[in-house]
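Working notes, beginning with the structure itself.
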Amino acid sequence: MGVMLILAAALPAAGALAVWRLRRRPYAHWIGAGAAALAFAAVAMLPVGRGSGAWLVADGELTGAWWHQVSIEWAPSLHLEFSLAVDGVSWTLALLTALLGVLCCVHNAVGAEQRAADLLGADRAASAPLQVPAGSFETGGPSPAARRVRGVPADGASGSASGSLQEPPGSFETGGPFPAAAPVHGVPSGAGGGEPEGDRWQSPILTALLLAVQAASTLVFLTDNLVLFFIAFEAVLLPMWAIIHRYGDPAARRRAAAKFALFTVAGSLLMATGLFIAIADTGTADLGAILLHGGVGDDRSLLVFALLALGFAVKAPLWPFHSWLPDAHTAAPTVGSVLLAGVLLKLGTYGLIRVAGGLAPDGAADAAPVLAALAALGILVAGLVCLRLPEIKRLIAYSSVGHMGFVVLAFAAGTEAGVRAALFGNLAHGLVTPLLFFLAGALKARTHTGSLGALGGLRLAAPALAGLLGFAALASLGLPGLAGFWGEAFTVYAAAERGGAWLGLAAAAAFGAFLAAAYLLRMLRRVSHGPVAPAVYGIGDVSAAEAAVWAPLVAGTLLLGLVPGPLLALFSEGLL
Numbered sequence: 027m028g029v030m031l032i033l034a035a036a037l038p039a040a041g042a043l044a045v046w047r048l049r050r051r052p053y054a055h056w057i058g059a060g061a062a063a064l065a066f067a068a069v070a071m072l073p074v075g076r077g078s079g080a081w082l083v084a085d086g087e088l089t090g091a092w093w094h095q096v097s098i099e100w101a102p103s104l105h106l107e108f109s110l111a112v113d114g115v116s117w118t119l120a121l122l123t124a125l126l127g128v129l130c131c132v133h134n135a136v137g138a139e140q141r142a143a144d145l146l147g148a149d150r151a152a153s154a155p156l157q158v159p160a161g162s163f164e165t166g167g168p169s170p171a172a173r174r175v176r177g178v179p180a181d182g183a184s185g186s187a188s189g190s191l192q193e194p195p196g197s198f199e200t201g202g203p204f205p206a207a208a209p210v211h212g213v214p215s216g217a218g219g220g221e222p223e224g225d226r227w228q229s230p231i232l233t234a235l236l237l238a239v240q241a242a243s244t245l246v247f248l249t250d251n252l253v254l255f256f257i258a259f260e261a262v263l264l265p266m267w268a269i270i271h272r273y274g275d276p277a278a279r280r281r282a283a284a285k286f287a288l289f290t291v292a293g294s295l296l297m298a299t300g301l302f303i304a305i306a307d308t309g310t311a312d313l314g315a316i317l318l319h320g321g322v323g324d325d326r327s328l329l330v331f332a333l334l335a336l337g338f339a340v341k342a343p344l345w346p347f348h349s350w351l352p353d354a355h356t357a358a359p360t361v362g363s364v365l366l367a368g369v370l371l372k373l374g375t376y377g378l379i380r381v382a383g384g385l386a387p388d389g390a391a392d393a394a395p396v397l398a399a400l401a402a403l404g405i406l407v408a409g410l411v412c413l414r415l416p417e418i419k420r421l422i423a424y425s426s427v428g429h430m431g432f433v434v435l436a437f438a439a440g441t442e443a444g445v446r447a448a449l450f451g452n453l454a455h456g457l458v459t460p461l462l463f464f465l466a467g468a469l470k471a472r473t474h475t476g477s478l479g480a481l482g483g484l485r486l487a488a489p490a491l492a493g494l495l496g497f498a499a500l501a502s503l504g505l506p507g508l509a510g511f512w513g514e515a516f517t518v519y520a521a522a523e524r525g526g527a528w529l530g531l532a533a534a535a536a537f538g539a540f541l542a543a544a545y546l547l548r549m550l551r552r553v554s555h556g557p558v559a560p561a562v563y564g565i566g567d568v569s570a571a572e573a574a575v576w577a578p579l580v581a582g583t584l585l586l587g588l589v590p591g592p593l594l595a596l597f598s599e600g601l602l
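Read in order, the letters of the sequence shown correspond to residues 27 to 602 in our numbering.
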């Protein structure tokens, strides 16, 4: 299985290079989708033979095991090895990354085909012979009926420029297999809608950048070497910055990309300092070995944890280090928002739980009250802000701050139940919130707006789309039976179990869950109910291609909600 470990990260990287090299070919998008699918297959095979993994023993007790491990010497003097390992914790996140990579690449591929078909149809329509309405020569102009059809007032008070056919909003999106990816001809889809202008978002280069993010993120989750971990963690920055800066909303993309880069670099400097102090203290960059021996020395534990926690808190993001996230989500294209929520935020929480908590467990215990207080404040602040936000993507982005607050609070509780709640909630968020962003992107591509005040009546105009939006919102607010419930419920339990001041933190988290229900139900009331708004009139419902892309996220949300036991069992095999 060592080969599969290497392929899991190498295939997306190779796919990115291939797509870039063949970017002018019409099938370039599908090459990227194929590479992502092969990477998903490689990751999915990693549990095979996991019972043969070597268990790690500390103080006479079994502490966990890597399922598989492979190590290739690279630069020993720098403590750098190409060392990969996988267990239940890292495999679930690598699988989530691979799944979202496939879905984003397929989304782009089908969208590009739909756009090409639309442009071909427009060219044919433009070259068709002009049909002169009956009565034009007799009356000196079009008949009143012809004028009405062509959008010209019957009284003749119109110039020639206004004689084009007037279509209801969304009419051009309704005919193809992928409505979300088909903007009205000649209209920049970023105009008031948050999607990038023109056809840039359908460029194969965007698919190549998505694959680069997938490759680097997979390497973060699977590496066992702290130096390689840092390199891979930083390698995510450039392609994600390019996705926002080049393919985001023209009105906000440059500022959002700059803010994303600034916050990420600042956090990375702190993280790098903590990692290198840990390597110097232990004499090794082998994560498994450091975990086995209890982390760094007591005298440096709090310092190392503080540096690492601050670095990872930016990426998570933990309040008050979150301000880059709403701007990045609002400006990013749909697939960029999906990867931000489903993958990049997981880099921060994974690093906090496994790397910071593992390298400095004593420091984590000392800092737990501060970490928990920040998490609880983040849950409350995010909920209150979301109650006032008027834009759908920004609302979903801020909701992530609250959800990640639950993850951090559960981790800070420091109990077995808390750590499992953190890992479960982390993965559930990676399914539910990307689904919300896919749905928000589809809605904005159809209506060219994300303003809650301009939407309404979606359940009448597009009932399937409204139903899916309702499903995702209910999962996000933690409805029992869906994936979002277990992580939040056990976070409250884990905090309350600590007693004392932690009871107040548990109460704050519970109230935050109530706020989540309030702002998500408010969103559904504004978008799905009431009379059909002009922006929603005539839009297309869910297409077969969209349903195929979103179905795995829907199925995963249901599966984790109804059968959480197998996932919790995987976490128990993890090395923490």
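Backbone N, C-alpha and C define an ideal beta-carbon position, used for all residues, glycine too.
Problem set entry | Val112: first and last residue of the uninterrupted beta strand (DSSP E) it sits in | To locate residue 112, count along the sequence shown from 1; it is residue 86. That run of the beta strand (DSSP E) goes 106 to 112.
Exercise. Under a three-way DSSP split, which group does Ala101 fall into?
Worked result: As a working note, residue 101 is residue 75 in the sequence shown. Look at Ala101 here: in three-state DSSP terms it is strand.
Exercise. Candidates Phe537, Asn452, Gly293: which alpha carbon is nearest Leu406's?
Worked result: The sequence position of residue 406 within the sequence shown is 380, counting from 1. Per the Cα distances, Phe537.
Problem set entry | Beta bridge counterpart(s) of Ser477 as assigned by DSSP | Numbered from its first residue, the sequence shown carries residue 477 at position 451. Its beta-bridge partners are Glu417.
Exercise. According to the neighbour-count rule (16 or more other Cβ atoms, all chains shown, within 10 Å of its Cβ), is Arg50 buried or exposed?
Worked result: The residue given as residue 50 occupies position 24 in the sequence shown. Exposed: under 16 other Cβ atoms inside 10 Å.
Problem set entry | Whole-number beta carbon distance between Leu237 and Val45, since they are thought to touch under 8 Å | Within the sequence shown, residue 45 is the residue found at index 19, counting from 1. Within the sequence shown, residue 237 is the residue found at index 211, counting from 1. So it is a contact: roughly 7 Å between Cβ atoms.
Exercise. Looking only at DSSP bridge pairs, what is Val239 linked to?
Worked result: Taking the first residue of the sequence shown as 1, we reach residue 239 at position 213. Under DSSP, Val239 forms no beta bridge with any residue.
Exercise. Taking the alpha-carbon positions, what's the Leu550 to Gly504 distance?
Worked result: Counting from 1 along the sequence shown, the entry for residue 550 is found at position 524. Counting from 1 along the sequence shown, the entry for residue 504 is found at position 478. One C-alpha to the other measures close to 15 Å.
Problem set entry | Beta carbon of Leu435 nearer than 7 Å to that of Thr517 | Position 409 of the sequence shown, counting from 1, holds the residue named residue 435. Position 491 of the sequence shown, counting from 1, holds the residue named residue 517. The Cβ atoms of Leu435 and Thr517 sit closer than 7 Å to each other.
For this session: Since I believe Ile379 is in contact with Ala448 (beta carbons under 8 Å), could you give me their beta-carbon distance rounded to a whole number of angstroms?
Result: As a working note, residue 448 is residue 422 in the sequence shown. As a working note, residue 379 is residue 353 in the sequence shown. A Cβ-Cβ distance of about 6 Å is found for the pair Ala448 and Ile379, placing them in contact under the 8 Å criterion.
For this session: Just list the alpha helix (DSSP H) runs in the stretch 393 to 442, keeping only unbroken ones of 4 residues or longer that don't cross its boundaries, in chain order.
Result: Counting whole runs of 4 or more residues, the stretch 393 to 442 contains the alpha helix (DSSP H) stretches 418 to 439.
Exercise. Would Leu486 pass as a contact of Val568 if the rule is Cβ separation under 7 Å?
Worked result: As a working mapping, residue 486 is identified with position 460 in the sequence shown. As a working mapping, residue 568 is identified with position 542 in the sequence shown. Note that the C-beta distance between Leu486 and Val568 is not below 7 Å.
Exercise. If you draw a straight line from the C-alpha of Val128 to the C-alpha of Leu579, how long is it?
Worked result: Position 102 of the sequence shown holds residue 128. Position 553 of the sequence shown holds residue 579. Across the structure, Val128 and Leu579 are spaced so that their CA atoms are roughly 12 Å apart.
For this session: Go ahead and pull the three-state DSSP assignment for His555.
Result: The sequence position of residue 555 within the sequence shown is 529, counting from 1. Reduced to three states, the DSSP call for His555 is coil.
Exercise. Is the Cβ-Cβ distance between Thr583 and Val433 less than 7 Å?
Worked result: Residue numbering aside, residue 583 sits at position 557 when the sequence shown is read from its first letter. Residue numbering aside, residue 433 sits at position 407 when the sequence shown is read from its first letter. Between Thr583 and Val433, the gap from beta carbon to beta carbon reaches 7 Å or more.
Exercise. Mind checking Ala282: buried by the 16 CB within 10 Å criterion, or exposed?
Worked result: Residue numbering aside, residue 282 sits at position 256 when the sequence shown is read from its first letter. Counting Cβ neighbours within 10 Å, Ala282 comes out buried, since at least 16 surround it.
Exercise. For the alpha helix (DSSP H) that Glu523 lies in, which residues bound it at each end?
Worked result: As a working mapping, residue 523 is identified with position 497 in the sequence shown. Here the alpha helix (DSSP H) through Glu523 covers 509 to 524.
Exercise. Could you give the C-beta distance for Phe338 and Gly377, rounded to a whole number, given that I count them as a contact under 8 Å?
Worked result: Taking the first residue of the sequence shown as 1, we reach residue 338 at position 312. Taking the first residue of the sequence shown as 1, we reach residue 377 at position 351. About 4 Å separates the two Cβ atoms, so the contact holds.
Problem set entry | contact_flag[the stretch 338 to 358, the stretch 285 to 295] where n(CB pairs < 8 Å) is 3 or more | The answer is yes - the stretch 285 to 295 touches the stretch 338 to 358, with three or more Cβ pairs under 8 Å.
Exercise. In whole angstroms, what separates the C-alpha of Ala527 from that of Asp392?
Worked result: To locate residue 527, count along the sequence shown from 1; it is residue 501. To locate residue 392, count along the sequence shown from 1; it is residue 366. Distance from the CA of Ala527 to the CA of Asp392, rounded to the nearest whole angstrom, comes to 15 Å.
For this session: Determine the DSSP secondary structure at Thr308, reduced to helix, strand or coil.
Result: Stepping through the sequence shown from its first residue, residue 308 is reached at position 282. In the three-state DSSP reduction, Thr308 falls in the helix class (H, G or I).
Problem set entry | Chain-order list of residues whose beta-carbon lies under 6 Å from that of Asn251 (same chain, five-residue window excluded) | If you number the sequence shown from 1, residue 251 lands on position 225. Hits under 6 Å: Glu107, Ser109, Ala311.
Exercise. DSSP on His348, reduced to helix/strand/coil?
Worked result: As a first step, residue 348 is located in the sequence shown; it is residue number 322 there, counting from the start. In the structure shown, His348 sits in coil (DSSP, three-state: anything other than H, G, I, E or B).
Problem set entry | Val361 versus Leu370 - alpha carbon distance | As a working note, residue 361 is residue 335 in the sequence shown. As a working note, residue 370 is residue 344 in the sequence shown. Between Val361 and Leu370, the C-alpha separation is close to 13 Å.
Exercise. Which residues does DSSP pair with His94 in a beta bridge?
Worked result: As a first step, residue 94 must be located in the sequence shown, where it is residue number 68. As a beta-bridge residue in DSSP terms, His94 pairs with Val112.
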